[in-house]
Amino acid sequence: MKLFQKSPWIIHYDGASCNGCDIEVLACLTPRYDVERFGIINTGNPKHADILLITGYINEQSQPVVRTIYEQMPEPKVVVAIGICATSGGIFRECYNTKGGVDSTIPVDVYVPGCAARPESIIDGVVQALAILERKKKEMAARP
Amino acid sequence: MNAPVQRYVEVQPDALLEAVRAQQLTGSRLVQICCTKLAGFELTYSFARAGAFDHVRVQIPDNTVKVPSISPIYSCSFAYENEIHDLFGLSFLGLNIDYKGTFYKTTIPAPMVGTPVCGAPAPKDKGAHGE
Amino acid sequence: MANRTVIPFGPQHPVLPEPIHLDLVIEDEHVVEAIPSFGFIHRGLEKLAEKRDFTEFTFVAERICGICSYIHGMGYCQAIESVMGLEIPERAKWLRTMWAELSRMHSHMMWLGLLGDAFGFENLFMAFWRVREGLLDIIEETSGGRVIFGAAKVGGIRRDVPDDLLARIPAQLAKIEAEMRPITDVFRDDFSVRQRLCGVGVLSQKDAYDLGAVGPVLRGSGVAVDTRLEGYAAYDRVQVEPIVESDGDCWARAMVRIREVYQSFEILKQVLPNVPAGPVDMKVTGAPNGEFFARLEQPRGEVIYYVKGSGKKQLDRFRVRTPTFANIPPLLKMLQGCQLADVPVIVLTIDPCISCAER
Numbered sequence: 000m001k002l003f004q005k006s007p008w009i010i011h012y013d014g015a016s017c018n019g020c021d022i023e024v025l026a027c028l029t030p031r032y033d034v035e036r037f038g039i040i041n042t043g044n045p046k047h048a049d050i051l052l053i054t055g056y057i058n059e060q061s062q063p064v065v066r067t068i069y070e071q072m073p074e075p076k077v078v079v080a081i082g083i084c085a086t087s088g089g090i091f092r093e094c095y096n097t098k099g100g101v102d103s104t105i106p107v108d109v110y111v112p113g114c115a116a117r118p119e120s121i122i123d124g125v126v127q128a129l130a131i132l133e134r135k136k137k138e139m140a141a142r143p
Numbered sequence: 000m001n002a003p004v005q006r007y008v009e010v011q012p013d014a015l016l017e018a019v020r021a022q023q024l025t026g027s028r029l030v031q032i033c034c035t036k037l038a039g040f041e042l043t044y045s046f047a048r049a050g051a052f053d054h055v056r057v058q059i060p061d062n063t064v065k066v067p068s069i070s071p072i073y074s075c076s077f078a079y080e081n082e083i084h085d086l087f088g089l090s091f092l093g094l095n096i097d098y099k100g101t102f103y104k105t106t107i108p109a110p111m112v113g114t115p116v117c118g119a120p121a122p123k124d125k126g127a128h129g130e
Numbered sequence: 000m001a002n003r004t005v006i007p008f009g010p011q012h013p014v015l016p017e018p019i020h021l022d023l024v025i026e027d028e029h030v031v032e033a034i035p036s037f038g039f040i041h042r043g044l045e046k047l048a049e050k051r052d053f054t055e056f057t058f059v060a061e062r063i064c065g066i067c068s069y070i071h072g073m074g075y076c077q078a079i080e081s082v083m084g085l086e087i088p089e090r091a092k093w094l095r096t097m098w099a100e101l102s103r104m105h106s107h108m109m110w111l112g113l114l115g116d117a118f119g120f121e122n123l124f125m126a127f128w129r130v131r132e133g134l135l136d137i138i139e140e141t142s143g144g145r146v147i148f149g150a151a152k153v154g155g156i157r158r159d160v161p162d163d164l165l166a167r168i169p170a171q172l173a174k175i176e177a178e179m180r181p182i183t184d185v186f187r188d189d190f191s192v193r194q195r196l197c198g199v200g201v202l203s204q205k206d207a208y209d210l211g212a213v214g215p216v217l218r219g220s221g222v223a224v225d226t227r228l229e230g231y232a233a234y235d236r237v238q239v240e241p242i243v244e245s246d247g248d249c250w251a252r253a254m255v256r257i258r259e260v261y262q263s264f265e266i267l268k269q270v271l272p273n274v275p276a277g278p279v280d281m282k283v284t285g286a287p288n289g290e291f292f293a294r295l296e297q298p299r300g301e302v303i304y305y306v307k308g309s310g311k312k313q314l315d316r317f318r319v320r321t322p323t324f325a326n327i328p329p330l331l332k333m334l335q336g337c338q339l340a341d342v343p344v345i346v347l348t349i350d351p352c353i354s355c356a357e358r
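Protein chains in written order, with numbering that gives the first Met the number 0: chain A, 0 to 143; chain B, 0 to 130; chain C, 0 to 358.
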């Protein structure tokens with residue numbers, strides 16, 4: 000699989016979620032699902048990361064944090080919004096502190112549905128992100 | 000059920016500290032402080048010890064009245080009182096750790112008061128089949 | 000006079016699983032004071048209760064937190080049922096007890112893994128999470144969800160569990176218990192684990208009680224308080240003893256949780272054969288009129304749900320006081336005087352669930 004040769008590293012940030020999707024993201028790393036076999040490593044440092052996984056919607060206080068993490072990541076980068084809250088605000092959309100989904104703050108490439116998103120669909124989202132990452136890399140190389 | 004009967008004790012704002020100190024003398028721990036917006040504000044302080052679960056209740060007419068902080072008696076109350084300050088706009092006198100409104104940073108001030116308010120606008124109804 | 004420095008810690012930090020922010024006042028390598036700041040996950044869902052139908056709000060209550068999701072839904076329903084004076088069917092009570100214990104086990108095992116990761120024992124993290132998947136399989140088979148069960152309902156439970164499925168669970172649990180033993184032994188006996196945990200972040204019995212600690216933090220400091228003894232759901236008919244450790248350090252809190260996982264196996268052995276036949280829900284008419292404080296024991300400790308209704312479909316007030324919120328003042332006490340390098344481990348030992356705490 001040529002796609003996986005790059006061994007992308009991911010960073011995970013909890014925008015403002017209920018933790019349901021967060022623990023499913025972590026479950027992806029553990030032996031049952033084991034995304035590490037594709038060379039994917041969960042890193043804590045945005046400057047090491049290629050893919051940003053965000054769970055939960057965005058609120059007043061997490062907005063600058065999310066923006067900073069996104070800006071610190073090197074190009075090319077891909078953002079995956081995990082769970083229905085990250086997609087649109089979900090069940091909390093009408094809460095007073097909600098700004099909306101992740102795309103209200105930074106551009107999102109892949110949306111993963113579910114409440115909580117299942118590990119299988121998270122992995123599927125990450126695989127789609129890899130294809131986008133590959134494409135963005137080519138586009139960057141083609142740029143003068 | 001072995002759950003203890005819950006007792007409510009209604010006190011005046013100036014007798015609050017006294018009632019809370021009486022709870023402390025019985026060896027109770029502070030369980031929670033709850034604020035409810037009715038016509039005014041209703042504060043409920045809950046205390047638990049083995050076999051008892053008591054609530055001390057005080058009515059605050061409006062947010063110009065400063066409530067005495069119970070943090071000199073239960074130092075852990077600062078978390079609840081700062082939360083109530085930020086969400087309901089009530090002020091407390093004599094807080095041991097005063098965040099001065101930075102405990103929660105919310106989009107609108109004192110969001111728990113007033114009519115239900117929306118965050119993000121509701122998605123437009125596109126009918127049963129989407130677009 | 001040593002220099003004082005303030006180090007901001009979080010919300011995004013390589014060792015932090017959750018967005019919490021602490022300003023650490025450091026003197027050389029020692030923490031003098033820790034000042035937390037909140038609100039990164041504040042949603043304001045308590046206000047949502049004023050817009051939603053009280054039966055519909057169960058779904059929101061289940062999403063206060065994705066880890067102890069089931070007990071949040073159950074506690075909310077219990078509070079509403081107490082206000083409305085509903086006595087739910089026996090079968091529903093026993094199945095609620097079963098799910099509550101399953102979610103306690105999955106939460107504790109998740110935490111034990113994360114603690115291993117926090118002190119650099121990644122193998123332990125992987126081992127706990129591998130075994131935990133077996134529990135999630137049982138949860139998924141019985142409720143339909145992995146982390147958010149969606150099984151709570153005012154007046155009972157949303158779906159019945161077939162008896163043949165209930166009969167299969169003990170064998171699955173026995174297998175999980177056998178897999179657990181070797182990895183929890185590592186916690187108990189391993190030299191390097193004890194090096195990192197023993198004597199770190201000590202909270203005295205008096206401080207734990209006075210500062211309002213709950214759950215394993217309180218019991219790890221030698222106070223025998225367990226809300227399950229109040230006998231909600233079917234807990235009045237099973238044997239529950241509070242699990243207490245006396246040292247009050249990180250190791251004691253880990254041991255409390257390990258022993259609670261084994262206790263849950265024992266409770267389930269009492270629950271599963273005794274689930275009576277019958278209906279699982281009842282018709283709910285009218286709307287809550289009155290108020291009630293419900294108390295339950297979550298994996299992280301005692302949780303309080305307050306509901307107040309005035310005969311309308313929407314509640315006047317819903318309030319939840321989650322265990323993590325109550326454990327913040329004790330955490331600040333534990334951090335005083337510790338070494339900077341121990342901060343992540345100490346923060347983790349209260350089992351912080353920030354989305355619970357900030358709602």
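By construction, the Cβ of each residue, glycine as well, lies at the ideal position given by its N, Cα and C atoms.
Beta-carbon gap between residue i and residue j smaller than 9 Å
| i | j | result |
| --- | --- | --- |
| F186(C) | L123(C) | yes |
| L94(B) | E82(B) | no |
| S6(A) | G38(A) | yes |
| V24(A) | Y56(A) | no |
| P322(C) | V342(C) | no |
| V153(C) | E80(C) | yes |
| Y231(C) | R320(C) | no |
| T43(B) | C33(B) | yes |
| G112(C) | M125(C) | yes |
| E290(C) | V306(C) | yes |
| R90(C) | V283(C) | no |
| A116(A) | C17(A) | no |
| E41(B) | R56(B) | yes |
Selected residue, minimal CA-CA separation from residue i, among the options
| i | options | result |
| --- | --- | --- |
| A212(C) | P110(B), S74(B), N95(B) and L42(B) | S74(B) |
| T104(A) | V64(A), A128(A), D21(A) and D33(A) | V64(A) |
| D209(C) | Q58(B), F46(B), L86(B) and S90(B) | F46(B) |
| A48(A) | C20(A), V34(A) and V77(A) | V77(A) |
| T101(B) | I70(C), F39(C), A276(C) and V224(C) | F39(C) |
| K46(A) | M72(A), D33(A), Q60(A) and I53(A) | M72(A) |
| R157(C) | M83(C), S220(C) and P88(C) | P88(C) |
| V201(C) | C355(C), Q338(C) and E100(C) | Q338(C) |
| C27(A) | Y110(A), E59(A), P75(A) and I122(A) | I122(A) |
| G344(C) | L196(C), G247(C), A223(C) and F317(C) | Position check: residue 344(C) holds Val in this sequence, whereas Gly was assumed. The residue with the shortest Cα to Cα distance from V344(C) is L196(C). |
| R95(C) | R258(C), V82(C), Y75(C) and R316(C) | Y75(C) |
| H84(B) | T105(B), A109(B) and Q23(B) | A109(B) |
Three-state class that DSSP yields for residue i in the structure shown
| i | result |
| --- | --- |
| S203(C) | coil |
| Y98(B) | coil |
| G383(C) | Past the boundaries of the shown model lies residue 383(C); chain C is included only from 0 to 358, so the question cannot be answered. |
| A127(B) | Note that A127(B) scores a pLDDT of 41, beneath 50, so its modelled location is shaky; the value from the coordinates is reported in the next line. In this structure, A127(B) counts as coil in the three-state DSSP scheme. |
| T4(C) | strand |
| T133(B) | No answer is possible for residue 133(B): it lies beyond the span of chain B, which begins at 0 and ends at 130. |
| H84(B) | helix |
| C94(A) | coil |
| D53(B) | strand |
| K147(A) | No information on residue 147(A) is available, as it lies outside the stretch 0 to 143 that chain A covers here. |
| E17(B) | helix |
| V112(B) | coil |
| K36(B) | strand |
| L2(A) | Note that L2(A) scores 49 on pLDDT, short of 50, meaning its location in the model is unreliable and no value can be drawn from it. |
| V346(C) | helix |
| Y110(A) | strand |
| E100(C) | helix |
| C355(C) | helix |
| I303(C) | strand |
| G74(C) | helix |
Tell me whether the segment 176–185 of chain C and the segment 235–250 of chain C touch, counting them as touching only if at least three CB pairs, one residue from each stretch, are closer than 8 Å.
Contact between the segment 176–185 of chain C and the segment 235–250 of chain C is absent, because fewer than three Cβ pairs lie under 8 Å.
Threshold first: 4 residues or longer. Then list the alpha helix (DSSP H) segments lying entirely within the segment 29–90 of chain A, N to C.
62–71 and 82–87
Pairs of beta-carbons, one from the segment 138–156 of chain C and one from the segment 43–58 of chain C, closer than 8 Å: are there three or more?
yes
At which residue ranges does the segment 106–173 of chain C contain complete alpha helix (DSSP H) runs of 4 or more residues, listed in the order of the chain?
List check, alpha helix (DSSP H) in window: 121–142.
Inter-stretch contact at 8 Å, needing at least 3 Cβ pairs: the segment 260–275 of chain C / the segment 166–175 of chain C
yes
Inside the segment 177–237 of chain C only - alpha helix (DSSP H) runs reaching at least 4 residues
If one requires a minimum length of 4 residues, the alpha helix (DSSP H) runs lying completely within the segment 177–237 of chain C are 190–196, 204–209 and 215–219, in chain order.
Pair every Cβ in the segment 81–88 of chain A with every Cβ in the segment 16–32 of chain C, then say whether three or more of these pairs are closer than 8 Å.
no
Chain F contacts from the segment 115–146 of chain C (Cβ-Cβ distance under 7 Å)
No chain F appears in this structure, whose protein chains are A, B and C.
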